[in-house]
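Below is one structure; the comments refer to it alone.
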Amino acid sequence: MQSRLFHAGAKSYPNTTYRWVDARDVANAHIYALVNPSANGRYCLAGTVTHSSEAVKILSKLYPDLIIPKRQASRDKIQVSRERAESLGGKYTPIEASIKDTIEGLKEKNFAIFLLKWK
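The opening residue of the sequence shown carries number 6 in our numbering; numbering runs sequentially from there.
Now the structure itself:
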């Protein structure tokens with residue numbers, strides 16, 4: 006999902022709701038599942054269920070020089086329960102920290118010059 010928001014030159018961003026989960030939280034969930042004797046079956050991880058417009062607001066606040074599309078298309082909201090995944094234990098990374106760390110990681114590896122457009 007983040008690649009669709011961060012794509013350089015995009016004219017719009019998706020008007021949809023996403024289930025955000027930081028990759029570090031997914032890794033931790035694997036560990037929790039290994040050590041938790043009651044863990045079995047599949048787990049749907051969703052740290053935050055957020056509309057893409059909220060991610061755009063966070064990006065604009067954290068990176069004011071980033072060129073971000075202002076338009077969006079229409080789409081219905083999707084709901085996901087976190088209850089089963091939360092039974093493993095652990096905490097989710099806040100969406101703002103996840104977005105910031107993603108952008109910083111892209112910048113650190115010089116991928117930002119290919120994927121992001123700055124003012």
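Each residue gets a CB set at the ideal place from its N, CA and C atoms; glycine is no exception. Only a predicted model underlies this, so the values are computations on that prediction, with no experimental measurement involved.
Check                                                                                                                   : Outcome
For Y23, the first and last residue of its enclosing beta strand (DSSP E)                                               : 22-25
Coil, strand or helix - M6 by DSSP                                                                                      : In this prediction, M6 scores a pLDDT of 47, lower than 50, which makes its location untrustworthy; no coordinate-derived value is stated.
Buried versus exposed, by CB contacts within 10 Å (16 or more), M6                                                      : Residue confidence is low: M6 scores 47 on pLDDT, short of 50, so the model does not pin down where it sits. Its coordinate-derived value is still stated next. Classification of M6: exposed, given that the 10 Å Cβ count is below 16.
G110 beta carbon less than 9 Å from that of N33                                                                         : no
The segment 16-25 touching the segment 53-61, judged by at least three CB pairs closer than 8 Å                         : yes
Alpha carbon of K16 to alpha carbon of L50, nearest angstrom                                                            : 30 Å
Cut-off 6 Å between Cβ atoms - residues of its own chain near N41, not counting five sequence neighbours on either side : L93
V31 classed as buried or exposed, judged by whether at least 16 other C-beta atoms fall within 10 angstroms             : exposed
L71 vs I108 beta-carbon contact at 9 Å                                                                                  : yes
C-alpha distance - A44 paired with E88, whole-angstrom precision                                                        : 13 Å
Start-to-end residues for the alpha helix (DSSP H) that takes in T107                                                   : 100-113
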